[in-house]
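These notes concern the structure reproduced below.
Numbering (the numbering used here), first residue to last: 1463 to 1686.
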């Protein structure tokens, strides 16, 4: 058996129920995304966000010896006031900006963040370096779909993904499932992977077995 390499971070996005949060932590998910984008079918409010964050922290107590669980607040073109309200209400580990936010806007909160980029062609990856200065902890790439900001299940071309993932700490999203994660990770070697619809029964309702299979596939992809 080949030596086990450090696997990609696994991020599951769009939680709406505490029981799904608990299941995600138990099966080994590293980052849990809470979606505050108004147009998303997985949208939650601040009260729900606080409840889910408490569930994450409670479940994480039983994960001693493993990497810490990180919560990610996902937003699309928020105002400064909306971002500060989310930080105050749930104190997420990471802010994820999934709209047309400038790098200056993202950095002003002095809070770890990642910027998401919707890519149609390799040229669309050109702005990525502008968003990698501290306190950035990385970036995310997803397929461009007209009128949508992620969670569509559409895949990104390998050509485009390879160009973007030349930069460090890139998360790959878009059409990932437990069935294709192994091959895609082996081909593209992302720092992390992000999944929503690929582990759901319906938008916002996660399937424990699908999450477990996804985590297993991601880990297996990192064996020589």
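No residue lacks a Cβ here, since even glycine has one placed at the ideal position from N, Cα and C.
Residues that DSSP places opposite residue i in a beta bridge
i            : result
residue 1532 : 1493
residue 1664 : 1667
residue 1628 : None, per the DSSP bridge assignment.
residue 1472 : 1655
residue 1605 : 1581
Rounded distance between the beta-carbons of residue j and residue i, thought under 8 angstroms
i            : j            : result
residue 1581 : residue 1605 : 7 angstroms
residue 1650 : residue 1672 : About 21 angstroms; that fails the 8 angstroms criterion.
residue 1486 : residue 1496 : Between residue 1496 and residue 1486 the Cβ distance is about 12 angstroms, and since that is not below 8 angstroms, they are no contact.
residue 1675 : residue 1640 : 4 angstroms
residue 1643 : residue 1680 : 6 angstroms
residue 1602 : residue 1576 : 6 angstroms
residue 1690 : residue 1537 : Residue numbering for the chain in the displayed model covers 1463 to 1686; residue 1690 lies beyond these limits and cannot be assessed.
residue 1648 : residue 1683 : 5 angstroms
residue 1532 : residue 1507 : Not confirmed; about 21 angstroms, so no contact.
residue 1470 : residue 1654 : 5 angstroms
residue 1474 : residue 1625 : Actually they are not in contact, since the Cβ atoms of residue 1474 and residue 1625 sit about 26 angstroms apart, beyond 8 angstroms.
Simplified DSSP state of residue i, which is helix, strand or coil
i            : result
residue 1633 : strand
residue 1616 : coil
residue 1600 : strand
residue 1658 : coil
residue 1463 : For residue 1463, the predicted structure reports a pLDDT of 29, less than 50, and the residue's modelled location is therefore unreliable. The matter cannot be settled from this model.
residue 1685 : strand
Extent of the continuous alpha helix (DSSP H) to which residue i belongs
i            : result
residue 1677 : 1670-1682
residue 1479 : Here residue 1479 belongs to no alpha helix (DSSP H), and DSSP marks it neither H nor E.
residue 1650 : 1643-1650
Checklist entry - Which runs of the alpha helix (DSSP H), 4 residues or longer, sit entirely within the stretch 1498-1529? => result 1508-1522
Checklist entry - Which whole runs of the beta strand (DSSP E) in the stretch 1553-1589 are 3 residues long or more, in chain order? => result Those beta strand (DSSP E) runs which fall completely within the stretch 1553-1589 and span 3+ residues are 1556-1559 and 1575-1581.
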